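Protein chains: 4
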Amino acid sequence: MSIYQSLKEQVYEANMEIPRQKLAIYTFGNVSGIDRKAGVVGIKPSGVPYDNLKPSDIVIVDLDNQLVEGNMRPSSDTKTHTLLYKHFEHIGGVCHTHSTYAVAWAQAMRPIPNMGTTHADHLVAAVPVTDVMTDEMITGDYELETGNQILNIFKELNLSPEEVEMVLVACHGPFTWGKDPAKAVYNATVLEELAKMAHLTLTINPNTPTIKQTLIDKHYFRKHGKNAYYGQGC
Amino acid sequence: MSIYQSLKEQVYEANMEIPRQKLAIYTFGNVSGIDRKAGVVGIKPSGVPYDNLKPSDIVIVDLDNQLVEGNMRPSSDTKTHTLLYKHFEHIGGVCHTHSTYAVAWAQAMRPIPNMGTTHADHLVAAVPVTDVMTDEMITGDYELETGNQILNIFKELNLSPEEVEMVLVACHGPFTWGKDPAKAVYNATVLEELAKMAHLTLTINPNTPTIKQTLIDKHYFRKHGKNAYYGQGC
Amino acid sequence: MSIYQSLKEQVYEANMEIPRQKLAIYTFGNVSGIDRKAGVVGIKPSGVPYDNLKPSDIVIVDLDNQLVEGNMRPSSDTKTHTLLYKHFEHIGGVCHTHSTYAVAWAQAMRPIPNMGTTHADHLVAAVPVTDVMTDEMITGDYELETGNQILNIFKELNLSPEEVEMVLVACHGPFTWGKDPAKAVYNATVLEELAKMAHLTLTINPNTPTIKQTLIDKHYFRKHGKNAYYGQGC
Amino acid sequence: MSIYQSLKEQVYEANMEIPRQKLAIYTFGNVSGIDRKAGVVGIKPSGVPYDNLKPSDIVIVDLDNQLVEGNMRPSSDTKTHTLLYKHFEHIGGVCHTHSTYAVAWAQAMRPIPNMGTTHADHLVAAVPVTDVMTDEMITGDYELETGNQILNIFKELNLSPEEVEMVLVACHGPFTWGKDPAKAVYNATVLEELAKMAHLTLTINPNTPTIKQTLIDKHYFRKHGKNAYYGQGC
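Heads up: the protein sequence lines correspond to chains S, U, A and G, in order. Quick note on numbering: the UniProt record's numbering labels position 224 of the first sequence as 224, and the sequence is numbered without any gaps. Quick note on numbering: the UniProt record's numbering labels position 129 of the second sequence as 129, and the sequence is numbered without any gaps. Quick note on numbering: the UniProt record's numbering labels position 122 of the third sequence as 122, and the sequence is numbered without any gaps. Quick note on numbering: the UniProt record's numbering labels position 195 of the fourth sequence as 195, and the sequence is numbered without any gaps.
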């Protein structure tokens, strides 16, 4: 049995949430998880349908994207995942989907505005959208540059990856993360719901304002941080 | 066995309707029920996924929000529920969800107009939307003030909580109620359907008028009140 | 065993298609069937959830709406159904739902235009919408007048109930019919799909024209009439 | 046992994906497959519901649409399928559905623009839409002319049927194809998702541009062609 068995199972379970939550069709999407002590990442193999996926299929790579264990090629988005793990030091899982409403916002190149408490329960800001990549980035190390675009927009907007655990890559789709692979895919489901709610809200009232800062703070901090009183504290 | 066993089971069953009717994802949403003789309210514990919920998890509190029985923290929305029970004297259940279309109307801060008989079968008026809370309310006793905003809009519009069993809290989402917990969650499902129908109606014809008062009365009173002839009278 | 057992089973089966095809929530909607030889109609009892419905619950009434057999009250829409059977002499089943998209068009009081072959496969015209009822009709024999509004629009537009097996009652929702109860509910499903397609088509291109008459004729008559060559002729 | 047993099973399996992927209701839609060595096509029989379909029901015809084996009439769209097999020499399967969003674009007579990488992962161009047929074509050999309209638009736009495996027939709906029947129906599912994403994208930002050519090339050629590195190469 692999010494990475536990990581593989955690990553496998999180990947299987993608079809269960209807976040992607066929083989689209992928979730990874990191074992920071061992310095390895477990990630979905490329192009394998969820129905066929087994825990032992999860590919183990190091943070330089070198194969450590596995019989299949890792997801072609691996370099994006590992770059996020290198720079967002407190995250334990990353998820990428092509969920319908989040992709629509990414294609429209519009950040998802924070217009209600469902959004504020999960993040303090609009869901950011990266810049479109330059031709040099696209024809260069594309998947690495996808990760760089995410880092760039977080720097530009001065966002914390602990307070904003999701992003839209322009013309592409969402990446989400969290303390572990399960939380990363949870955030992907939440993002899809926020994307749908925001779309509907703006068709009902195109002039809907962003909610007030006091309400954002109230909802975000009753769930997060040291004074949280929402949930069972686990 | 708890002396509140029957209340707990009724509240548990109503909560389980939330995922069955797809009114919320993960742990979002909560239903409560009241035993007016015993003066206690049973409510969903905070942050527990529906898949894990058991009847014995239902938390019993009194109308002053004091814990009477239970091992978990009650829903963080408990104060909103108990305030409604205190002021709406004939209701037996309260339901709060983040259902997608109802949230969109709440975020858009628009009442849902009564444009057809599906709506008139259930309530005589537009679904009201509260005012946005002041900063004082938000930073004060937030969940209690959420309830006060509901009471305020009912007073302002002179609505009866027996004839209008649903409301949208601005920037947040729907609260519904009824004679028991099952009816409260039934109303949440109906509200979501009305919210979707109204959204579609206005995209097809933005100038759709409210239906005539005679048609509202006909549909509402053939189902409700002493001359009702719709349903099996139970 | 009832001498209407076969009718009851046919009507029961057709009613159960309503939740299977997601055409209505809870107790909304009803299907009836007629035994023209016996001069009786079988119809869903009022206010019974589909989960509890049994073939023996189907209520038998005559064409004057008098109870012939059954322990429950017939659907409150019974008079609409029987009026249609009296005037549309070749139909064998009637279905009424509150399906979401069809209701939206009915509330918007707009006929559903024939913009493609999915529509033309099933009917030659736009799906008609009745006039809004007068106050006299509403406060009079309401459910009978609902039927009269359907007859009126068919006369006004010179439509054949064999070629157009569906209608929208303004501010209310769809009625459909066919040679038997199964065909009536089939048409309700088709109508919901046409309503959704038309809504989407007009959001993509608000100036989409009606399709040409030659294409309507081609699609309608390859499926219907004596030169039909579509389907297995049964 | 039929000497076409393997073809029949492949075509049967692909047809059953239509209801599983919710690409059509009732009997709508059909998939075919070709055995190029034997010069025969297997196709769904006309008007048979998916629930009743068996592998032995698949009808075998030759490329001149003559019945080779089968007890039922082949799909009325057979001539469209066989024309595509004659002219698109490398394809092994064809699929036709009435999926909701793809039909809406076909009715709106608008090509689906390439606005993101989900689209570019599958094809290099906008999804083309044919011209509306002339009255002569409609009243002539209609199903053959449907195929001719597809060939015409591919010639006009200089598209390769290997690089663009999907098309919208104006006022009608989608046809898709691929190396085998399974790939044809896979493309039908992808097309429906692209159609929905594009619709939503344009409601969020009506001025969304087409994505840059470098990004189209990057995504298309990392999955397709001799330098592909996406998927497991199978």
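Beta carbons: idealized from backbone N, C-alpha and C, even for Gly. Bear in mind that the values here come from a model prediction, so they are computed numbers and not experimental data.
Selected residue, minimal CA-CA separation from residue i, among the options
i                : options                                   : result
arginine 222/G   : Asp141/G, Ala120/G, Gly29/G and Leu157/G  : Ala120/G
histidine 87/G   : Glu162/G, Gln66/G, Asn207/G and Ala170/G  : Glu162/G
leucine 168/U    : Leu83/U, Gln107/U, Pro206/U and Ala184/U  : Gln107/U
asparagine 205/G : Pro111/S, Pro209/S and Val59/S            : Pro111/S
arginine 73/U    : Ile60/U, Met109/U and Thr82/U             : Ile60/U
threonine 117/A  : Tyr220/G, Leu23/G, Phe28/G and Ile3/G     : Phe28/G
asparagine 65/G  : Tyr186/G, Asp57/G, Ser32/G and Leu159/G   : Ser32/G
arginine 20/S    : Ser76/U, Ile18/U and Ile25/U              : Ile25/U
histidine 224/U  : Ile43/A, Glu13/A, Ile18/A and Gly47/A     : Gly47/A
glycine 231/G    : Ala14/S, Lys44/S, Ile18/S and Leu23/S     : Lys44/S
glutamate 136/U  : Leu23/S, Gln213/S and Asp35/S             : Gln213/S
alanine 122/S    : Leu23/S, Ile150/S and Thr189/S            : Residue identity check: residue 122/S is histidine in the sequence provided, not alanine. Closest option to histidine 122/S, Cα to Cα, is Thr189/S.
serine 2/A       : Asn71/A, Pro49/A and Glu192/A             : Asn71/A
histidine 139/G  : Leu144/A, Asp217/A, Cys95/A and Ile34/A   : Inspection of the sequence shows that residue 139/G is occupied by threonine rather than by histidine. Taking only the C-alpha atoms, the option nearest threonine 139/G is Asp217/A.
glutamate 17/A   : Glu143/A, Lys183/A, Pro128/A and Asp141/A : Lys183/A
arginine 36/G    : Asn30/G, Val124/G, Lys179/G and Tyr229/G  : Lys179/G
proline 128/G    : Ala170/G, Pro209/G, Leu200/G and Glu193/G : Ala170/G
Length of the line joining the Cα atoms of residue i and residue j
i                : j                : result
serine 99/G      : tyrosine 101/A   : 16 Å
glycine 92/A     : threonine 176/A  : 11 Å
lysine 196/U     : valine 132/G     : 34 Å
leucine 7/S      : glycine 39/S     : 12 Å
glutamate 9/U    : proline 55/U     : 5 Å
tyrosine 220/S   : asparagine 114/S : 12 Å
glutamate 89/S   : valine 11/S      : 18 Å
methionine 109/S : proline 181/S    : 27 Å
valine 68/S      : aspartate 62/S   : 7 Å
alanine 126/A    : alanine 104/A    : 16 Å
asparagine 148/G : leucine 83/G     : 8 Å
asparagine 15/S  : valine 185/S     : 8 Å
isoleucine 58/G  : glycine 42/G     : 6 Å
tyrosine 85/S    : threonine 78/S   : 11 Å
residue 279/G    : histidine 172/S  : Limits of chain G in this structure are 1 at one end and 234 at the other, which puts residue 279/G out of reach.
threonine 203/S  : leucine 202/G    : 12 Å
proline 49/A     : leucine 191/U    : 18 Å
Where the alpha helix (DSSP H) containing residue i begins and where it ends
i                : result
valine 190/A     : 181-204
valine 103/G     : 100-108
glutamate 13/A   : 5-20
asparagine 136/U : One detail in the question is off: residue 136/U reads as glutamate in this sequence, not asparagine. 135-139 is the span of the alpha helix (DSSP H), which, as asked, contains glutamate 136/U.
alanine 120/U    : 117-120
Residue i: first and last residue of the uninterrupted beta strand (DSSP E) it sits in
i               : result
threonine 176/S : 173-178
isoleucine 60/G : 59-62
leucine 67/U    : 67-69
9 Å Cβ cutoff, residue i in contact with chain G
i             : result
alanine 198/A : yes
leucine 202/A : yes
lysine 218/A  : yes
CB contact check: residue i to chain A, cutoff 9 Å
i                  : result
glutamine 10/U     : no
phenylalanine 28/G : yes
leucine 42/G       : Note that residue 42/G is glycine in the sequence shown, not leucine. Chain A contact via Cβ: absent.
lysine 212/U       : yes
glycine 47/G       : yes
methionine 16/U    : no
asparagine 148/U   : no
C-beta neighbour in chain D for residue i, strict 9 Å
i              : result
aspartate 64/A : In the structure shown, chain D cannot be found, because the protein chains are S, U, A and G.
CB contact below 9 Å: residue i versus chain S
i               : result
cysteine 171/U  : yes
glutamine 107/U : yes
Residue(s) in a DSSP beta bridge with residue i
i                : result
proline 74/A     : Pro45/A
aspartate 35/U   : Val40/U
glutamate 162/S  : Paired residues: none, contrary to the question.
leucine 168/S    : Val129/S and Pro174/S
asparagine 30/A  : His96/A
isoleucine 112/G : Val127/G
Beta carbon proximity, residue i to chain U, threshold 9 Å
i               : result
arginine 73/A   : yes
cysteine 234/A  : The predicted position of cysteine 234/A is uncertain, since its pLDDT is 39 and thus under 50; no value can be drawn from it.
aspartate 180/A : no
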